[in-house]
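Trainee: After the structure tokens below, expect a handful of questions from me.
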Amino acid sequence: QYQNTMSMSSLGIWNCSREKANLLVHEFFTTHYFQDGVHPIPGARDALQNLSSFCSLSVVTSRQDVIKNHTLEWIEKFYPGLFEQIHFGNHFALEGQSRPKSEICRSFGAQVLIDDNPRYALECAEDGMRVLLFDYDNTYPWCKTGVDQSHPLVTKVHNWQEVEQKLLSWVAPES
1 QYQNTMSMSS
11 LGIWNCSREK
21 ANLLVHEFFT
31 THYFQDGVHP
41 IPGARDALQN
51 LSSFCSLSVV
61 TSRQDVIKNH
71 TLEWIEKFYP
81 GLFEQIHFGN
91 HFALEGQSRP
101 KSEICRSFGA
111 QVLIDDNPRY
121 ALECAEDGMR
131 VLLFDYDNTY
141 PWCKTGVDQS
151 HPLVTKVHNW
161 QEVEQKLLSW
171 VAPES
């Protein structure tokens, strides 16, 4: 349930220092909720499979290096062979350098970002990239920032069917 989560920032959720928030997040990585409880969003596999026939798909995640192996195993379990590249931003990490998503996307020529974080959506849109702001079934309170209305390169989508339709319309616009 996300109804009380108005921010993607753990600082805003827990009202604590960045250091404390980072420690709490890293503690969560050791729980069964994280290890076994994260499942794909309905429709994602089918849509990504369809999109892979005409799009080069890569993952750009803000996830930390400390959960890199777990993340790679999860991707291979649910989306085997679908992604050409997988990039980690290492945001909010206890160790190592982090990289902005816009920089990562620019480094390999990404044209579209699909993300559920309005901050990353705006960052990449301001860098000239089209962004689909993913608000699953309109249930993510943190997506209600209006960034999709304030920036012309950000479009809100509510499910993977909408993602697929929007990308198809950009690749093969109606004449």
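The numbering of the sequence shown is the numbering used here, which starts it at 1 and goes up by one.
Each residue gets a CB set at the ideal place from its N, CA and C atoms; glycine is no exception.
1. Between the region 128-140 and the region 149-167, do at least 3 Cβ pairs fall closer than 8 Å?
2. Pick out whichever of 45, 78, 52 has its Cα sitting closest to the Cα of residue 168.
3. Under the DSSP definition of a beta bridge, which residues are partnered with residue 112?
4. Answer yes if the region 35-42 comes into contact with the region 54-64, meaning at least three C-beta pairs across the two stretches below 8 Å, and no otherwise.
5. What is the DSSP secondary structure of residue 58, counted as helix, strand or coil?
6. Taking only the alpha-carbon atoms, compute the straight-line gap between residue 24 and residue 172 and give it to the nearest angstrom.
7. Please report the residue range of the beta strand (DSSP E) in which residue 88 lies.
8. Span of the alpha helix (DSSP H) holding residue 156?
9. In the structure shown, what three-state DSSP assignment does residue 79 receive?
10. Given this structure, state the Cα-to-Cα distance separating residue 99 from residue 124, to the nearest angstrom.
11. Span of the alpha helix (DSSP H) holding residue 44?
12. Following the continuous alpha helix (DSSP H) through residue 117, name the residue where it begins and the one where it ends.
13. Classify residue 39: buried if its beta carbon has 16 or more other beta carbons within 10 angstroms, exposed otherwise.
14. With 16 other CB atoms within 10 Å as the buried threshold, where does residue 3 fall?
15. Going straight from the alpha carbon of residue 66 to that of residue 90, what length do you get?
Mentor: Judging by the given coordinates:
1. yes
2. For the purposes of this step, residue 168 is taken as residue 168 along the sequence shown, with counting starting at 1. Comparing Cα positions, the closest option is 52.
3. For this step, residue 112 is matched to residue 112 along the sequence shown. The partner list for residue 112 (beta bridge, DSSP) reads 130.
4. no
5. In the sequence shown, the residue the question calls residue 58 occupies position 58. Three-state result, residue 58: strand.
6. Sequence index remark: in the sequence shown, residue 24 carries index 24 (1-based). Sequence index remark: in the sequence shown, residue 172 carries index 172 (1-based). Each residue's Cα considered, the two are about 45 Å apart.
7. Counting from 1 along the sequence shown, the entry for residue 88 is found at position 88. 85-88 is the span of the beta strand (DSSP E), which, as asked, contains residue 88.
8. Reading the sequence shown from its first residue, position 156 is the one you call residue 156. Note, residue 156: premise wrong, no alpha helix (DSSP H); beta strand (DSSP E) at 154-157.
9. Position 79 of the sequence shown, counting from 1, holds the residue named residue 79. Note: residue 79 maps to coil in three-state DSSP.
10. Sequence index remark: in the sequence shown, residue 99 carries index 99 (1-based). Sequence index remark: in the sequence shown, residue 124 carries index 124 (1-based). Distance between the alpha carbons of residue 99 and residue 124: 13 Å.
11. What you label residue 44 is simply residue 44 of the sequence shown in a count that begins at 1. Residues 44-51.
12. Here residue 117 refers to the residue found at position 117 when the sequence shown is read from its first residue. Counting along the chain, residue 117 falls outside any alpha helix (DSSP H), and DSSP gives it neither H nor E.
13. Here residue 39 corresponds to residue number 39 of the sequence shown, with the count starting at 1. So residue 39 ends up on the exposed side.
14. Start at 1 with the first residue of the sequence shown, and residue 3 comes out as number 3. At residue 3 the pLDDT is 44, less than 50, meaning the model places this residue with poor confidence; the figure from the coordinates comes in the next sentence. Classification for residue 3: exposed.
15. Position 66 of the sequence shown, counted from the start, is the residue given in the question as residue 66. Position 90 of the sequence shown, counted from the start, is the residue given in the question as residue 90. Cα to Cα, the separation comes out at about 8 Å.
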